[in-house]
Amino acid sequence: MNFLFYPLTLVTFTPLLGVLVLLFLKPEQKNAARWVALITSLVTFGISIAVLVQFNLGDPGLQMVVDVPWIQVAGWNISFLMGVDGLSILLLLLTTFLTPISILSTWTAVEERVKEFMVFFLLLEVGMVGVFLAQDLFLFYIFWEFTLVPMYFLIGLWGGPRRIYAAVKFFLYTMAGSILMLLAILWLGIYGGTFSVPELITTGGIPADIQLWLFIAFAAAFAIKVPMWPLHSWLPDAHVEAPTAGSVILAGVLLKMGTYGFLRFNIPLFPQAAIQAAPWIAVLAVIGILYGAAVSYAQKDVKKLVAYSSVSHLGFVMLGLFALNPQGIQGGILQMINHGLSTGALFLIVGMIYERRHTRDMDAFGGLWKVMPVYGTLTLIVALSSMGLPGLNGFVGEFAILLGAWEAGQVDGPLGSYWFAGLAAVGVILAAVYILYMFQKLFLGPVDKEENRALKDINWREIATLAPLLVFIFWIGLYPKPFFTLMAPAVNNLVTALQTAALAMH
Amino acid sequence: MTLQTVLQSTLAILPLTILVLWASLLILVDLFIPDERKWLTALLAALGMVVSLILALTRTGAQQVAFDGMVVIDGFSIFLQALFLVSGLAAIALSHDYLKRMHIDRSEFYILLMYSISGMMLMSMAADLIVVFLALELLSIPLYVLAGFARPRVASEEAALKYFLLGAYAGGFVVYGVALVFGATGSTGLADIVSAIQAGTANLNLLAIGAALILVGLGFKVAAVPFHMWTPDVYEGSPSPVTAFMSVGAKAGGFAALLRVFVIAFPVLALDMTPILWVLAALTMILGNFVAIAQRNIKRLLAYSSIAHAGYILMAIVPYGQRDVSPDAVASSLVYLVAYALTSFGAWAVVIALEKAEGGGLELEDYAGLARRYPLLAAAMAVFMLSFTGVPPTLGFVGKFYLFRTVIDGGFIGLAIIGVLTSLVSAYYYLRVVVFMYMREGEPQVTSAAWVNLTAGVAALATVVLSIFATPLFTWASQAVLQLF
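Heads up: the sequence lines are chains A and B, in that order. Our numbering applies: residue 92 is where the first sequence begins, and numbers increase by one. Our numbering applies: residue 11 is where the second sequence begins, and numbers increase by one.
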């Protein structure tokens with residue numbers, strides 16, 4: 092049983108200890124529940140830092156592997172197989188980083204059933220971390236599907252007025268995609284005699300036509316999660332109804348599970364299908380970028396605006412990943428992190444004003460900067476980061492993605508047209524439009540609403556929830572090199588494999 | 011047959027012999043137990059089942075025939091016998107308090123239960139079509155009585171009558187099928203049928219018709235579409251513990267016969283039977299799941315859900331004719347039956363905890379607010395609903411994983427797609443139960459009974475724990491089927 096004390100199992104299952112403690116608390120002990128959850132998530136974050144310290148930068152493969160036989164009967168070859176590499180280490184850190192921040196943001200926002208809220212939140216963390224570390228398809232699917240359950244309860248119990256509808260829609264939509272993936276997983280398990288992803292990649296040799304079907308089945312699950320246009324309709328509902336902490340995690344981490352899935356499974360397992368599908372995915376990605384931006388601009392509800400901006404931002408990530416070259420993929424991974432930081436921060440910001448005014452209608456505000464100067468300044472930084480201002484994190488990711496997409500746009504490149512990069516660049520401009528529009532509606536102009544005059548500026552706790560995010564927003568914006576160094580070997584490895592597959596196709 | 015062989019055979023099926031004798035003795039003993047101590051009868055019945063269970067389990071790994079090859083003791087039968095006996099114990103746990111509460115506390119209940127279980131046990135050992143029929147009647151007749159146990163409640167009487175009439179009708183199909191198989195092969199023993207087919211003396215057309223009729227008869231028992239019509243009314247009208255037992259035991263009994271007879275005797279008919287089974291499985295999954303959406307009464311909802319689950323198990327039987335897949339087909343059905351049994355008994359335990367006299371407390375609205383007032387009960391029910399849906403980490407998920415793997419292995423991807431899509435549909439109505447429990451406000455009324463709570467708790471725990479430590483169950487199931495082939 093000593094595999095339970097390996098770094099990766101520890102980082103996955105430590106939140107369960109918090110759940111165990113929480114179960115013994117009484118419902119009235121609200122503060123105790125908050126502290127238990129916060130401390131547990133901070134300890135988990137500490138363990139993930141230990142994982143980072145042990146991480147070998149030069150190694151492109153899986154590290155700190157945990158491999159324990161699990162179900163090995165009747166032709167089943169299922170292992171408890173976990174590992175971390177350059178593709179997942181940043182996402183692991185993002186998850187463990189955003190969880191304590193989200194918990195901190197609920198301190199006064201969640202007053203009902205605090206204990207249950209924290210239980211579900213920590214269970215959600217187990218699921219998310221597991222998704223990023225699992226290297227066995229069976230294990231991965233368990234974590235993947237399991238994240239639905241706590242998120243369903245978080246939306247359905249602590250959400251807004253239409254929470255039940257949103258929760259059920261979220262559950263059914265996501266499950267619709269994942270059951271198709273389940274069939275593909277089963278097919279792979281029978282075909283390869285194992286569910287281990289590294290082994291399946293090494294074996295390879297899946298016939299091209301079947302690759303395409305499997306690619307589609309996996310893509311169904313991931314595209315809904317991302318969400319890619321036109322499968323995004325669950326997202327605005329889920330986001331608007333979810334409590335703030337739920338939105339932060341939903342945007343910050345859960346959506347990344349989709350893009351990560353493409354990166355971890357679709358591209359390496361079905362390289363030929365990935366090359367064939369790249370232009371199609373890129374079309375959907377670019378539509379998503381433009382559509383998300385346009386619809387964001389049309390929103391009156393701030394939270395909805397931020398939700399739709401996710402569709403646009405995640406379109407960038409998908410475009411980068413399916414440029415299938417180092418710049419694009421690295422940009423895509425970095426943009427996942429950036430989106431987690433910026434959009435996470437935006438949802439926190441929206442949550443703060445909602446807690447004060449109990450409305451998110453943009454027309455109800457105006458001139459807030461005069462009333463809440465600290466809040467205004469922090470919002471401005473986050474907004475600029477989200478629209479990709481040079482010097483802040485968003486720019487670095489989007490620039491790398493556009494570079495990758497441009498290069499992939501060469502005639503013999505995977506995308507085969509410069510239009511993708513060109514239209515995506517228009518998306519960057521549109522982002523500036525809707526973000527600045529939002530900022531102007533909320534913060535600039537005169538304070539013309541009576542209710543807004545007496546609003547209190549944000550307190551130390553709220554600053555403390557935003558500050559860590561701002562640190563990284565600046566860090567990635569000014570000095571992104573360490574982040575690229577972390578992922579470069581694994582990404583280069585992946586691209587080499589893709590090139591081999593491309594050669595085999597011709 | 012000499013007296014000695016009869017004795018030897020009786021000893022060979024000792025778990026069954028003990029149970030029948032115990033039940034018959036208990037009728038007499040019960041006369042001397044005063045009315046206020048009828049719990050003693052329940053206890054004695056449970057004790058008999060435990061003894062039988064232990065005896066059955068000590069035979070793990072044995073392979074033996076008895077009564078001139080009409081009955082066979084092998085891993086398959088022992089696995090199922092354990093399932094039946096544990097179901098019986100769960101049924102006793104669920105009914106003890108319920109019977110008193112509903113004023114139908116008559117101790118024949120437990121004895122009838124034991125007789126029904128002995129029928130199921132015989133079914134699991136049947137190596138001859140005559141024994142299949144015998145066992146079918148032995149398991150069914152006590153169930154007809156049990157369905158009407160809440161008399162003079164009209165719903166219960168109606169349930170009994172309906173179940174009896176349709177059951178008798180289904181029994182007729184089985185007998186006619188057996189007769190045709192006998193006509194086609196000159197024998198009713200499974201081994202002899204196989205040799206007749208191999209020798210080329212069998213009339214295959216006649217055999218196919220006979221097999222189809224047997225399928226129809228057993229289809230009634232497992233509630234497969236289009237032979238499911240009785241299920242919602244009977245499940246709703248019967249006393250809830252009986253429904254729980256029926257939905258697990260009778261279904262597993264039907265599948266016990268279906269699996270053994272088809273896998274051993276009828277692989278030669280696979281070309282004809284596979285498409286029929288395919289259609290039956292698809293229809294059962296589709297109809298069961300879609301109609302369940304419209305149900306507002308939890309008993310009817312679970313009835314349609316049980317129809318749907320029969321469809322999933324049937325799906326695994328579709329590739330029964332492929333020699334390299336059929337062991338998995340049987341093993342996955344066994345695993346799924348265990349998952350289904352655990353989840354069902356748990357769910358029914360919660361239903362029983364909320365049920366009030368005269369059919370009250372059974373609407374979904376009555377579950378509103380359960381999570382606030384009874385968090386543990388609600389959490390258990392949520393686990394069962396997720397397990398029925400097939401969401402990890404529950405045994406229902408592991409079971410479906412195995413089933414779908416078998417189906418894909420057999421090359422029936424279309425059926426697997428229908429299977430997963432209907433699972434998605436099922437998520438809608440199972441989640442609705444969760445929505446009511448957790449997200450609606452209400453004042454649910456729960457009658458707390460220790461044994462019912464224990465059943466729900468153990469089932470919930472087992473549903474989760476067994477999904478993570480699934481290896482023993484898988485090993486047992488995959489070894490249990492080895493002797494069939």
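All residues carry an ideal CB built from backbone N, CA and C; glycine is no exception.
Across the segment 273 to 305 of chain A, CB contacts with chain B closer than 8 Å involve L273, L274, L277, W278, G280, I281, in sequence order along the chain. With a threshold of 8 Å between beta carbons, A/V164 makes contact with chain B. Under the 8 Å criterion on CB atoms, B/F414 is classed as interfacial with respect to chain A. Against chain A, the beta carbon of B/L53 has no neighbour under 7 Å; the closest one sits roughly 34 Å away.
By the Cβ test, the segment 342 to 354 of chain B is not in contact with the segment 436 to 454 of chain B, since fewer than three Cβ pairs between them sit closer than 8 Å.
By a beta-carbon distance limit of 8 Å, A/S403 does not contact A/I378. Their separation comes to about 10 Å.
Under the three-state reduction of DSSP output, B/E246 falls in the helix class.
Of the candidates A/P321, A/L506, A/K316, A/G166, the residue whose Cα lies closest to the Cα of A/L341 is A/K316. DSSP, read as helix, strand or coil, puts A/W304 in helix. For the pair B/G259 and B/S134, the CB atoms are not nearer than the 8 Å cut-off. DSSP places A/L172 in the uninterrupted beta strand (DSSP E) bounded by 169 to 175. When C-beta distances to chain A are compared with 9 Å, the residues of the segment 400 to 426 of chain B below that value are G400, V401, P402, P403, F407, V408, K410, F411, Y412, F414, R415, V417, I418, D419, I423, A426, in chain order.
Per DSSP, the continuous alpha helix (DSSP H) segment holding B/D107 begins and ends at 85 to 111. Under DSSP, B/E373 forms a beta bridge with B/N307.
In the structure shown, A/W320 adopts coil according to DSSP, grouped into three states.
At least one beta carbon of chain B lies nearer than 8 Å to the beta carbon of A/E236.
About 5 Å separates the CB atoms of A/R253 and A/E332; that is less than 8 Å, so the two are in contact.
Neighbourhood of B/L441 in chain A, by CB distance below 7 Å: V259, F262, in chain order. Between the C-alpha atoms of A/F361 and A/I297 there is a straight-line separation of about 8 Å.
In this structure, B/L279 lies away from B/L324, with their beta-carbon atoms at least 8 Å apart. For A/G435, the closest alpha carbon among the candidates A/Q421, A/A398, A/I444 is that of A/A398. Two segments are said to touch when three or more pairs of C-beta atoms, one from each, lie closer than 8 Å; by this definition the segment 452 to 469 of chain A does not touch the segment 222 to 231 of chain A. Per DSSP, the unbroken beta strand (DSSP E) holding A/M155 starts and ends at 154 to 162. Annotation: B/Q74 is outside any alpha helix (DSSP H); the continuous beta strand (DSSP E) that includes it extends over 74 to 76. Contacts with chain B at 8 Å (Cβ-Cβ) do not include A/V344. With a 10 Å radius around the Cβ and a threshold of 16 neighbouring Cβ atoms, A/M596 comes out exposed. The beta-carbon distance between A/Y256 and A/D150, rounded to whole angstroms, is 47 Å. This is too long to meet the 8 Å contact definition. Sixteen is the threshold: since fewer than 16 other Cβ atoms of the shown chains lie within 10 Å of the Cβ of A/E119, the residue is exposed. Setting aside the 5 residues that flank it on each side, A/A369 is surrounded in the same chain by F413, L415, P505, L506, each with a C-beta closer than 7 Å to its C-beta; the list follows chain order. For A/I270, the nearest CB of chain B lies under 8 Å from its own CB, placing it at the interface with that chain. Annotation: the continuous alpha helix (DSSP H) that includes A/P417 extends over 417 to 448.
Per the coordinates, the alpha-carbon of B/T241 lies some 29 Å from the alpha-carbon of B/D338. Here the alpha carbons of B/A388 and B/Y377 stand approximately 9 Å from one another. Close CB contacts of B/A459 within its chain, under the 6 Å cut and outside five residues either way in sequence, are with D107 (chain order). A/V205 sits away from A/A336, with the two beta carbons spaced by 8 Å or more. For the pair B/F159 and B/I151, the Cα-to-Cα distance works out to about 13 Å.
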